[in-house]
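Structure, as structure tokens:
Numbering (the working numbering), first residue to last: 22 to 190.
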């Protein structure tokens with residue numbers, strides 16, 4: 022994909038998050054996003070099919086990058102995860118206010134699948150492993166949300182170690 026298209030996508034995502042700071046997500050229109058970004062509605066619709074699509078594409082890209090940067094290490098993946106979300110704490114609060122946490126969890130399925138399969142050997146894989154992956158994903162995001170909203174003092178590295186210890190039980 023061309024750099025211009027990636028720049029446009031980044032600009033549209035930034036515009037949406039800035040608008041979410043100003044008004045409720047459900048009241049943000051495509052026109053608002055296009056106007057704030059400085060692109061036409063046609064450009065917007067060539068890139069996205071909906072407001073949710075902006076978030077989905079962005080978060081899937083972030084999750085995929087975390088997986089590739091983790092280099093096969095669950096602990097490194099979790100450090101990247103907690104570091105990214107700590108840096109973007111305000112965004113999590115906006116997503117919670119907009120009732121979009123499920124969308125975020127769904128977008129990170131590539132990350133949670135990687136994490137589960139890295140921690141648990143193939144010998145542990147059971148027919149119900151898909152349920153186990155989703156169960157651990159829910160726990161991971163509950164832990165993340167708690168650590169961010171409660172302003173936990175643990176570093177991302179400490180959170181990674183705590184989470185890994187819990188997930189290995």
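Cβ coordinates follow ideal geometry from the N, Cα and C atoms, glycine included.
Because the structure is a prediction, the values reported are computed rather than measured.
Measuring CB atoms only, is the segment 73 to 92 touching the segment 125 to 136, in the sense that at least three cross pairs come out at less than 8 Å?
yes
I'd like the list of long-range same chain contacts for residue 61, defined as Cβ closer than 7 Å, with 5 residues on each side in sequence excluded.
55
Please state whether DSSP places residue 61 in a helix, a strand or coil.
coil
Rounded to whole angstroms, what is the Cα-Cα separation between residue 22 and residue 150?
Because the pLDDT at residue 22 is just 45, under 50, the model does not fix this residue reliably, and the point stays unresolved.
Hey, how far is the Cα of residue 46 from the Cα of residue 167?
22 Å
If you drop the 5 nearest sequence neighbours on each side, which residues of the same chain put their C-beta closer than 8 Å to that of residue 140?
95, 185, 188, 189
Tell whether a beta-carbon distance below 7 Å holds between residue 122 and residue 116.
yes
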